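A.B. asks: Before I ask anything, here is the structure I am working with.
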Amino acid sequence: MTTLTRFRDLYAPYTHFENASLWYGVFDRVMATQSDGNLETLLDILNDLPAISQPMQVECNQDAVTISADIDYNSLQKANAVLRGLIPWRKGPFQVFDISIDSEWRSNLKWNRLKDKISPLKGRKVLDVGSNNGYYGWRMRGAGAAQVIGIDPSILAVIQHFAINHFIRDYNHVIFPFKMEDLPPRREDFDTVFSMGVLYHRRGPLDHIQELYDALRPGGELIMETLVVEGIDGYSFVPPGRYARMNNVWFLPSVATLKTWLEKIGFDDIIDIDLHMTTTDEQRTTEWKPGDSFAEFLDPNDPTRTIEGHPGPLRVTLRATKPTEPGRLKRYHL
Ligand SMILES: C[S@@+](CC[C@H](N)C(=O)[O-])C[C@H]1O[C@@H](n2cnc3c(N)ncnc32)[C@H](O)[C@@H]1O
């Protein structure tokens, strides 16, 4: 069996999805043109997860997504070896039996800041763009989302999701190894679309917002979280060189500019959810993500600046609605 077939087989339980053939079609197209040298090794690691027949309890409504079962010592050891084999874990935390995955980001903090300020997810079909390993997707399922589809080009993050779902066995939460721009345009499928931590990675931020708009059904809701800078409406900062050591950061708009971008694409009812500076309380080195982290990305003499001297990481979260009627702002599309 080829590596690609082994990977594709992991998606076999999702054929009940509406438009399943579309998702499998994108998978085949994307995977035919890209190769991740680690895929085979990651699949081998995943293969060592213990089969567990005991009933599993899953709790997605607390800070750590928690899986418990009465399992034997050998199974616990095997699970521990696999989960550690998938280091680094950037998003979490997860509690898998006795194993506490203390990820680099305490993603529960971001979730707690927004969860009560978005339209209730109960019964909603959700797209999580840049889902990473699906931590937020579990919180969305815990909040009652009917289905969560994550997309993320990081194969490691996708495999981490399969490792967690090996135990949870929830076939209404999946992560595909795609970028947003890999999806066919104008799906209009989703009730809620999340784009958190992705906009600044896109060279064409307005194109990204357009793709998010097109993925929503009329009346659907976008949750947008991104890095911003202080500034007037119209201002955005393109960092020369790296930003906080990242070499793939393009546009950091002011909050007012971001709102204008959303309006120009056609969103309505743009509402502030949160604005705050990232701290070492939220992003830090742990045993599950060794090496440098946020503390090393800042100027040691001035923590309001990045190590390169740029304005420090300020993040905004907004919600916005796709109108039910295409409105007057369509003039921008001429
Ligand atoms: C900064 S992380 C944010 C993860 C998570 N959404 C959060 O808010 O914590 C950005 C994630 O987006 C993914 N990503 C980068 N470019 C993307 C794209 N064009 N489409 C979808 N995901 C992308 C990365 O692989 C990474 O997992």
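For the sequence shown, the numbering used here begins at 37 and goes up steadily by one.
Quick reminder that beta carbons are idealized off the backbone N, C-alpha and C, glycines included.
Values in this document were obtained by computation on a predicted structure and should not be read as measured data.
#1: Tell me where the beta strand (DSSP E) around Glu257 begins and ends.
#2: Determine the direct distance from the alpha carbon of Arg238 to that of Gly345, and round the result to whole angstroms.
#3: For Asp328, collect the residues of the same chain with a Cβ closer than 6 Å to its Cβ; drop the 5 residues on either side in sequence, then sort them by chain order.
#4: How far does the beta strand (DSSP E) with Phe287 in it reach, from first residue to last?
#5: Would you check if there are 3 or more beta carbon pairs closer than 8 Å linking the region 298 to 310 to the region 268 to 284?
#6: Residues in its own chain within less than 7 Å of Asn116 by CB, not counting five upstream and five downstream?
#7: Compute the distance between the beta-carbons of Leu256 and Thr293, then report whether it is under 7 Å.
#8: Which residues mark the beginning and the end of the beta strand (DSSP E) in which Val162 is found?
#9: Got a sec, what are the start and stop residues for the beta strand (DSSP E) Gly186 sits in?
#10: Which residues bound the beta strand (DSSP E) around Ser136?
#11: By the 10 Å Cβ neighbour count, where 16 or more other Cβ atoms means buried, how is Lys16 classified, buried or exposed?
#12: Spell out a yes or no on whether the region 106 to 113 and the region 178 to 195 are touching, meaning 3 or more CB-CB pairs, one atom from each, closer than 8 Å.
#13: Run through DSSP, which three-state label would Asp80 get?
#14: Opposite Pro347 in the DSSP bridges: which residues?
C.D. replies: Straight from the coordinates:
#1: It spans Leu252 to Val264 - the beta strand (DSSP E) in which Glu257 sits, taken as one unbroken run.
#2: 22 Å
#3: Contacts found: none.
#4: No beta strand (DSSP E) contains Phe287, which DSSP labels as neither H nor E.
#5: no
#6: Only Ile135 meet the Cβ criterion.
#7: Looking at the sequence itself, residue 256 is Gly, so the reference to Leu does not match. In this structure, Thr293 does not lie closer than 7 Å to Gly256 by Cβ.
#8: Run containing Val162: Lys161 to Val165, per the beta strand (DSSP E) assignment.
#9: Gln183 to Ile187
#10: Ile135 to Ile137
#11: Missing from the structure shown is residue 16; the chain here goes from 37 to 370 and no further.
#12: The answer is no - the region 178 to 195 does not touch the region 106 to 113, with fewer than three Cβ pairs under 8 Å.
#13: helix
#14: Arg341
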